[in-house]
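Here is the structure we will look at, set down as structure tokens.
Residue numbers (my numbering): 3 to 110.
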């Protein structure tokens, strides 16, 4: 008894298609977590409060250097011209580029 090659190809196609359909929802769940946008830091966040973070640096009473903003801080990893960017001191949460906190360190 010989096997028809077209039957084998059809079975293989059905197996692969079934596996791909079963994996699609799992892939969607895994990829959606990685693709989520970073969380924006709130001034009421406990760490932000402890470090005196203000989204508007001009409203930060402890700020003595009037040129100090998040976008020129060494801990800010966003682009210099971006409206916000991740800050390493706040676990990568997004901070306002024109914000400020007491952890500010002049970018080298």
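For every residue, glycine included, the Cβ atom is placed at its ideal position computed from N, Cα and C.
Check	Outcome
Determine whether the beta carbon atoms of residue 86 and residue 98 lie at a separation below 7 Å.	yes
The beta strand (DSSP E) that contains residue 88, what's its start and end?	86-88
Checking 7 Å against the spacing of the C-beta atoms, do residue 56 and residue 102 come in under that value?	yes
Taking its Cβ as the centre, do 16 or more other Cβ atoms sit within 10 Å of residue 91, making it buried, or is it exposed?	buried
Please list the terminal residues of the continuous alpha helix (DSSP H) segment that includes residue 49.	48-52
Straight-line CA distance for residue 67 to residue 74?	12 Å
Just reading off the beta strand (DSSP E) that residue 77 is part of, what are its end residues?	Counting along the chain, residue 77 falls outside any beta strand (DSSP E), and DSSP gives it neither H nor E.
Thinking C-alpha only, which one of 13, 100, 10 is nearest residue 59?	100
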